[in-house]
Amino acid sequence: MLKLYDTATRMVRPLELREPGTVSLYVCGPTVYGPPHLGHGKSTLVYDILRRYLESTGLVVRHVSNITDIEDKIIERAEREGRPWQEITTKCEAVWWQAMDAMDVLRPTDTPHATDYVDEMVAMIGDLIANESAYLTDDGIYMSVRSVEGYGLLAHQRLEDMLSGGGDREVVGAENKRDPADFALWKFTKPGEPSWPSPWGDGRPGWHSECVVMSLSLLGENFDLHAGGNDLKFPHHENERAQAVALGKVFANHWMHHAFVVDAEGEKLSKSLGNFTNLLDLVDTMDPRSYRLLLLQSHYRSPVQVNTDTVGAAERALAGLDTFARRASAAGVSGDIVDDELVAAFRERMDDDLDTASAMAIVFDAARRGNAAIDAADLDQAAVLAGSVHALCAAVGLKLKAVADVPADVLAKAAALDQARAARDFAVADALRAELQADGWLVETTKAGTTIRR
RNA sequence: GGCGACGUGGCCGAAUGGCUCAGGCAAGGGCCUGCAAAGCCCUCUAUCCGGGUUCGAUUCCCGGCGUCGCCUCCA
Numbered sequence: 402m403l404k405l406y407d408t409a410t411r412m413v414r415p416l417e418l419r420e421p422g423t424v425s426l427y428v429c430g431p432t433v434y435g436p437p438h439l440g441h442g443k444s445t446l447v448y449d450i451l452r453r454y455l456e457s458t459g460l461v462v463r464h465v466s467n468i469t470d471i472e473d474k475i476i477e478r479a480e481r482e483g484r485p486w487q488e489i490t491t492k493c494e495a496v497w498w499q500a501m502d503a504m505d506v507l508r509p510t511d512t513p514h515a516t517d518y519v520d521e522m523v524a525m526i527g528d529l530i531a532n533e534s535a536y537l538t539d540d541g542i543y544m545s546v547r548s549v550e551g552y553g554l555l556a557h558q559r560l561e562d563m564l565s566g567g568g569d570r571e572v573v574g575a576e577n578k579r580d581p582a583d584f585a586l587w588k589f590t591k592p593g594e595p596s597w598p599s600p601w602g603d604g605r606p607g608w609h610s611e612c613v614v615m616s617l618s619l620l621g622e623n624f625d626l627h628a629g630g631n632d633l634k635f636p637h638h639e640n641e642r643a644q645a646v647a648l649g650k651v652f653a654n655h656w657m658h659h660a661f662v663v664d665a666e667g668e669k670l671s672k673s674l675g676n677f678t679n680l681l682d683l684v685d686t687m688d689p690r691s692y693r694l695l696l697l698q699s700h701y702r703s704p705v706q707v708n709t710d711t712v713g714a715a716e717r718a719l720a721g722l723d724t725f726a727r728r729a730s731a732a733g734v735s736g737d738i739v740d741d742e743l744v745a746a747f748r749e750r751m752d753d754d755l756d757t758a759s760a761m762a763i764v765f766d767a768a769r770r771g772n773a774a775i776d777a778a779d780l781d782q783a784a785v786l787a788g789s790v791h792a793l794c795a796a797v798g799l800k801l802k803a804v805a806d807v808p809a810d811v812l813a814k815a816a817a818l819d820q821a822r823a824a825r826d827f828a829v830a831d832a833l834r835a836e837l838q839a840d841g842w843l844v845e846t847t848k849a850g851t852t853i854r855r
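Given below as structure tokens:
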């Protein structure tokens with residue numbers, strides 16, 4: 402069984418399932434107001450890896466990840482550009498899925514949109530007012546965090562300590578709040594802003610109310626795992642939990658948070674980073690699988706640098722795995738047989754808080770031994786290793802390419818190259834190879850014939 | 001000011017109270033090859049500093065230095 406670090410208890414502990422055989426997972430999704438950045442890529446890849454791994458062990462994963470399609474940033478951009486806010490959210494969401502598809506990230510089983518759950522949010526806020534956990538002010542409804550037992554569970558700080566420092570930071574909505582730590586559940590609308598009706602006046606839900614309603618609505622109380630970026634621990638997740646707890650509901654059983662994508666100085670990602678402007682740029686210029694492999698070679702709770710150097714190194718490592726897949730296929734040993742011991746070793750590493758780096762070390766080692774087996778013409782051994790490597794890679798969403806896409810004219814040139822070699826006309830053969838290489842192809846001339854790939 | 005994380009070889013990056021401290025990238029040598037490439041074999045280099053606990057610490061504790069995160073919208 403998978404053991405995961407739990408932010409609430411600060412321990413690696415077994416992920417206990419509410420319903421045996423099924424994992425209920427909620428991942429905080431994007432606010433759609435701009436192109437996805439590298440950090441979104443890490444987030445979605447980390448949880449895609451988790452999900453695929455769980456599924457590979459036979460579990461059913463109910464994976465809910467929302468689209469936040471109403472939020473201050475969306476409104477700001479709409480106003481700034483003089484466009485309808487829906488135009489922005491629709492466009493940005495389309496771009497989001499485009500990037501997800503490029504990275505081969507599985508669509509969540511449910512992708513609730515905040516705007517579809519406003520009625521439920523209003524109902525929940527009403528309940529919070531009714532039990533005096535929330536109160537009405539001139540500019541909206543606020544949650545009274547002092548009323549919540551155990552507030553600070555994820556922040557691991559007492560409220561007083563959280564509020565005592567911070568230097569010159571401003572307290573949002575200070576003039577209306579009873580306590581500086583209180584947060585907005587409902588914001589009354591200003592002219593020209595999107596709004597929904599409520600018993601207290603037209604307005605829009607606060608961000609923290611969106612996720613708690615969507616997660617509880619789709620997954621129900623006491624769902625297994627709530628996940629997101631490190632920054633969401635506090636206040637976002639803390640505040641989601643506060644609302645559920647105030648209503649007497651049991652919220653997530655386990656909390657998972659991943660570390661950021663950072664720049665060369667170890668600082669959190671700003672707008673553009675490294676040599677990539679955003680996620681679309683990365684998937685356009687590199688093999689998107691190499692970003693997945695880069696993350697697999699580190700730990701999800703460690704910060705990671707994502708730039709052309711690090712992704713490039715992963716791309717070359719990936720090329721080695723592809724080569725093994727290709728050689729195995731050429732040797733006719735690309736079957737489905739797996740080595741149970743390898744799978745067990747792999748799972749042991751994965752089950753230990755997703756030690757993907759060590760798990761991948763097992764895969765690389767298997768690929769190396771597989772290549773050696775092919776060289777030694779030990780095809781039985783090669784078949785088991787090839788099948789295992791394929792299966793283990795697939796378990797973390799990495800699809801190896803056993804066949805390269807090569808256009809007919811290039812293949813024709815390769816055939817000509819082989820004819821020249823057969824005729825021992827090496828001058829012509831070398832010229833043809835140089836031509837192909839000049840066009841960006843990797844050319845391998847072997848006894849068995851020439852292979853071409855990118 | 002409060003809370004927390006991190007500091008491993010040329011680079012990235014796991015693990016670990018002792019047994020030769022993964023793996024990837026890069027580098028060097030070799031095998032193979034018409035030559036390359038790919039593959040395989042071999043080699044190379046590390047646990048920030050100072051104390052402490054211990055038979056023994058990179059690992060645990062304390063201190064220092066350095067870096068970063070959260071406390072405000074944020075994956």
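Read in order, the letters of the first sequence correspond to residues 402 to 855 in the working numbering. We put the beta carbon where it would ideally sit given N, CA and C, even for glycine. Computed from a predicted structure; not experimentally measured.
Just how far apart, CA to CA, sit GLY675 and LEU619?
-> The residue labelled residue 675 in the question sits at position 274 within the first sequence. The residue labelled residue 619 in the question sits at position 218 within the first sequence. Reliability of the predicted coordinates at GLY675 is poor, the pLDDT of 45 falling under 50, and the value obtained from them is presented with this limitation in mind. Rounded to whole angstroms, GLY675 to LEU619 spans 38 Å at the Cα level.
Whole angstroms is fine: what's the gap from THR846's alpha carbon to LYS814's?
-> Locating residue 846 in the first sequence gives position 445, counting from the first residue. Locating residue 814 in the first sequence gives position 413, counting from the first residue. Straight-line spacing of the CA atoms in THR846 and LYS814 works out to 12 Å.
Is it a yes or a no for the region 636–645 touching the region 537–552, going by three-plus beta-carbon pairs under 8 Å?
-> Contact holds: three or more Cβ-Cβ distances are below 8 Å.
Complete runs of the beta strand (DSSP E) confined to the region 527–598 [at least 3 residues] | DSSP runs (the beta strand (DSSP E)) wholly in the region 527–598: 535–537, 541–544 and 584–589.
Within 10 angstroms of its Cβ, does ARG717 collect 16 or more other Cβ (buried), or is it exposed?
-> The residue labelled residue 717 in the question sits at position 316 within the first sequence. When all chains shown are included, ARG717 counts as exposed.
Contact check, LEU426 vs LEU626, beta carbons under 8 Å | Looking up residue 426 in the first sequence gives position 25. Looking up residue 626 in the first sequence gives position 225. In contact: LEU426 and LEU626 (Cβ atoms closer than 8 Å).
The beta strand (DSSP E) enclosing ALA515, as first and last residue numbers = Translated into positions along the first sequence, residue 515 becomes position 114. Per DSSP, ALA515 belongs to no beta strand (DSSP E) and is neither H nor E.
Distance between ALA762 and TYR543 (C-alpha atoms, nearest Å) | Sequence index remark: in the first sequence, residue 543 carries index 142 (1-based). Sequence index remark: in the first sequence, residue 762 carries index 361 (1-based). Using only the alpha carbons, I get a separation of about 50 Å.
Under the three-state reduction of DSSP, which class applies to VAL663: helix, strand or coil?
-> Here the question's residue 663 lines up with position 262 in the first sequence. Looking at VAL663 - three-state DSSP - the assignment turns out to be strand.
Since I believe LEU818 is in contact with THR852 (beta carbons under 8 Å), could you give me their beta-carbon distance rounded to a whole number of angstroms?
-> Counting from one through the first sequence, the residue named residue 852 turns up at place 451. Counting from one through the first sequence, the residue named residue 818 turns up at place 417. Incorrect: roughly 11 Å between the Cβ atoms, too far for contact.
Excluding the five sequence neighbours on either side, which residues of its own chain have a C-beta within less than 8 Å of the C-beta of VAL811, listed in chain order?
-> Here residue 811 refers to the residue found at position 410 of the first sequence. Sequence-distant partners of VAL811 (beyond 5 residues in either direction) whose C-beta falls short of 8 Å from its own C-beta, in its chain, are LEU837, ASP840, TRP842 and ILE853.
CB-CB under 7 Å to PHE635, same chain, minus the five flanking residues each way: which ones, in chain order?
-> By 1-based counting over the first sequence, the position of residue 635 is 234. A distance below 7 Å between beta-carbons, with the five flanking residues on each side excluded, links PHE635 to the following residues of its chain, in chain order: LEU555 and ALA556.
Would the region 788–805 and the region 442–460 be scored as touching if the rule is three or more Cβ pairs under 8 Å?
-> They touch, by the three-pair rule.
Which class does LYS404 belong to by DSSP, given the choice of helix, strand or coil?
-> Position 3 of the first sequence, counting from 1, holds the residue named residue 404. LYS404: strand per DSSP, three-state reduction.
Simplified DSSP assignment, three categories, for TYR692 | Within the first sequence, residue 692 is the residue found at index 291, counting from 1. Three-state DSSP puts TYR692 in a helix.
What residue does the beta strand (DSSP E) around GLU845 start on, and which one ends it?
-> One-based indexing of the first sequence puts residue 845 at position 444. 843–847 is the span of the beta strand (DSSP E), which, as asked, contains GLU845.
Does DSSP classify GLU472 as helix, strand or coil?
-> Working through the first sequence from its first residue, we reach residue 472 at position 71. Three-state DSSP puts GLU472 in coil, outside helix and strand.
Please state whether DSSP places GLY798 in a helix, a strand or coil.
-> Numbered from its first residue, the first sequence carries residue 798 at position 397. In the displayed model, GLY798 falls within coil according to three-state DSSP, outside both helix and strand.
Please report the Cβ distance between ALA720 and LEU694, rounded to the nearest whole angstrom; I am assuming they are in contact, meaning their Cβ atoms lie under 8 Å.
-> Residue 720 sits at position 319 when you count from the first residue of the first sequence. Residue 694 sits at position 293 when you count from the first residue of the first sequence. About 10 Å separates the Cβ atoms of ALA720 and LEU694, ruling out a contact at the 8 Å cut-off.
Counting only the same chain and skipping the five closest in sequence on each side, list residues whose C-beta sits under 6 Å from that of SER673.
-> Translated into the one-based positions of the first sequence, residue 673 becomes position 272. Confidence at SER673 is low in this model, with a pLDDT of 42, below 50, so its placement is unreliable and the value that follows should be read with caution. The beta carbon of SER673 lies closer than 6 Å to none in the same chain, with the five residues before and after it left out.
Could you tell me if ASP562 is buried or exposed, where buried requires 16 or more neighbouring beta carbons within 10 angstroms of its beta carbon?
-> What you label residue 562 is simply residue 161 of the first sequence in a count that begins at 1. Classification for ASP562: exposed.
Check LEU626 in the structure and name its three-state DSSP category.
-> As a first step, residue 626 is located in the first sequence; it is residue number 225 there, counting from the start. Reduced to three states, the DSSP call for LEU626 is strand.
Have a look at the DSSP bridge pairing and note the partners of VAL428.
-> As a first step, residue 428 must be located in the first sequence, where it is residue number 27. Answer is SER466 and ALA628.
With distances taken between CB atoms, is the gap from VAL496 to LEU681 smaller than 8 Å?
-> Mapped onto the first sequence, residue 496 falls at position 95. Mapped onto the first sequence, residue 681 falls at position 280. Judged by beta-carbon spacing, LEU681 lies within the 8 Å limit of VAL496, meaning their Cβ atoms are closer than that value.
Whole alpha helix (DSSP H) elements within the region 753–809, 4-residue minimum | Taken in chain order, the unbroken stretches of alpha helix (DSSP H) that lie wholly in the region 753–809 and span 4 residues or more are 757–776 and 780–796.
Less than 8 Å between the CB atoms is what I'm expecting for PRO509 and HIS438, so what's the real figure, rounded?
-> Along the first sequence, read from residue 1 onward, the residue named residue 509 stands at position 108. Along the first sequence, read from residue 1 onward, the residue named residue 438 stands at position 37. Beta-carbon to beta-carbon, PRO509 and HIS438 are separated by about 19 Å, too far to satisfy the 8 Å threshold.
Check whether the region 732–740 touches the region 764–784, taking contact to mean three or more Cβ pairs, one atom from each stretch, closer than 8 Å.
-> A contact exists between the region 732–740 and the region 764–784.
Three-state secondary structure (DSSP) of ARG484 = As a working note, residue 484 is residue 83 in the first sequence. Three-state DSSP puts ARG484 in coil, outside helix and strand.
For LYS492, write down the residues that DSSP places opposite it in a beta bridge.
-> Counting from one through the first sequence, the residue named residue 492 turns up at place 91. Within the DSSP bridge table, the entry for LYS492 names no partner.
Out of ASP754, ALA805 and PRO808, point me to the one whose CA is closest to LEU405's CA.
-> Position 4 of the first sequence, counting from 1, holds the residue named residue 405. It is ASP754.
Alpha carbon to alpha carbon, what distance is there between ALA746 and GLY568?
-> Within the first sequence, residue 568 is the residue found at index 167, counting from 1. Within the first sequence, residue 746 is the residue found at index 345, counting from 1. Low confidence applies to GLY568: its pLDDT is 47, below 50, so where it sits in the model is not reliable, and the reading given next is rough at best. Whole-angstrom Cα-Cα distance: 49 Å.
For the putative contact between MET522 and SER610, defined by C-beta atoms under 8 Å, what is the C-beta separation to the nearest angstrom?
-> Walking along the first sequence from the start, residue 522 turns up at place 121. Walking along the first sequence from the start, residue 610 turns up at place 209. Confirmed, Cβ separation roughly 5 Å.
In this structure, what does DSSP give as the bridge partners for GLU456?
-> As a first step, residue 456 is located in the first sequence; it is residue number 55 there, counting from the start. Bridge partners of GLU456: none, in fact.
Would you mind sorting THR686 into buried or exposed? The rule is 16 or more other CB atoms within 10 Å of its CB.
-> Your numbering for residue 686 matches position 285 in the first sequence. Counting C-beta atoms within 10 angstroms of its own C-beta, THR686 has fewer than 16 neighbours from the protein chains shown and is therefore classed as exposed.
Using the C-alpha atoms, what's the distance from TRP608 back to ALA515?
-> By 1-based counting over the first sequence, the position of residue 515 is 114. By 1-based counting over the first sequence, the position of residue 608 is 207. Distance between the alpha carbons of ALA515 and TRP608 is about 9 Å.
Measuring CB to CB, does PHE624 end up less than 8 Å from ASN654?
-> In the first sequence, the residue the question calls residue 624 occupies position 223. In the first sequence, the residue the question calls residue 654 occupies position 253. Using a Cβ distance threshold of 8 Å, PHE624 and ASN654 count as a contacting pair.
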